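One structure is given here, and the rest of the page talks about it.
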Amino acid sequence: MRLSRVGNAGHLVLYVAESQQGAGDQDVLDLANSQDAPLLTQDKDFGELVYRLKRLHTGVILLRLAGLSAELKSDLTARAIRDHGVRLAGSFTVISVSIIRIRRDQ
């Protein structure tokens, strides 16, 4: 996915796969929290951390966009952040092709 599209829209983007390679999910969530930034991921395990284990977070955005091109994933993600930006903070959001679900529990 082209994270530059999200960054070019004025949002801070940290690419954890490069900077924190091999870090566990809790460490990645802690890093996002320390930056007061939502976590953008394709890993459904973060749902378990947030809901079953009740971990605190500053926002998780789960991308359910398998099978789409990197360009289309980037476009859909950037559009969702643009259209719903302030509502995403502190929420667990799922972005799919047909719907954006935003759930705020905290």
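Anchor point for the sequence shown: position 38 equals 154 in my numbering, and the numbering is continuous, going up by one each time. Quick reminder that beta carbons are idealized off the backbone N, C-alpha and C, glycines included. If you're wondering where the values come from, they're calculated on a predicted model, not measured in any experiment.
Cβ-Cβ separation, residue j to residue i (assumed contact under 8 Å), whole Å
| i | j | result |
| --- | --- | --- |
| LEU165 | LEU178 | Not a contact, Cβ separation roughly 11 Å. |
| ASP198 | SER207 | For the sequence presented, residue 198 should be read as Arg rather than Asp. That belief does not hold up - the Cβ atoms of ARG198 and SER207 are roughly 16 Å apart, past 8 Å. |
Exposure label - residue i; buried when at least 16 CB within 10 Å
| i | result |
| --- | --- |
| ALA182 | exposed |
| ILE215 | exposed |
| LYS170 | exposed |
| SER212 | exposed |
| LEU188 | exposed |
| SER150 | exposed |
| MET117 | In this predicted model, MET117 has a pLDDT of only 46, less than 50, meaning its place in the structure is not dependable enough to derive any value. |
Pairwise C-alpha distance: residue j and residue i
| i | j | result |
| --- | --- | --- |
| LEU184 | VAL132 | 22 Å |
| GLY201 | ARG195 | 9 Å |
| LEU172 | ARG180 | 22 Å |
| ASP221 | TYR167 | 9 Å |
| LEU147 | GLY175 | 12 Å |
According to DSSP, residues forming a beta bridge with residue i
| i | result |
| --- | --- |
| ILE177 | LEU156 and THR209 |
| ARG219 | PHE208 |
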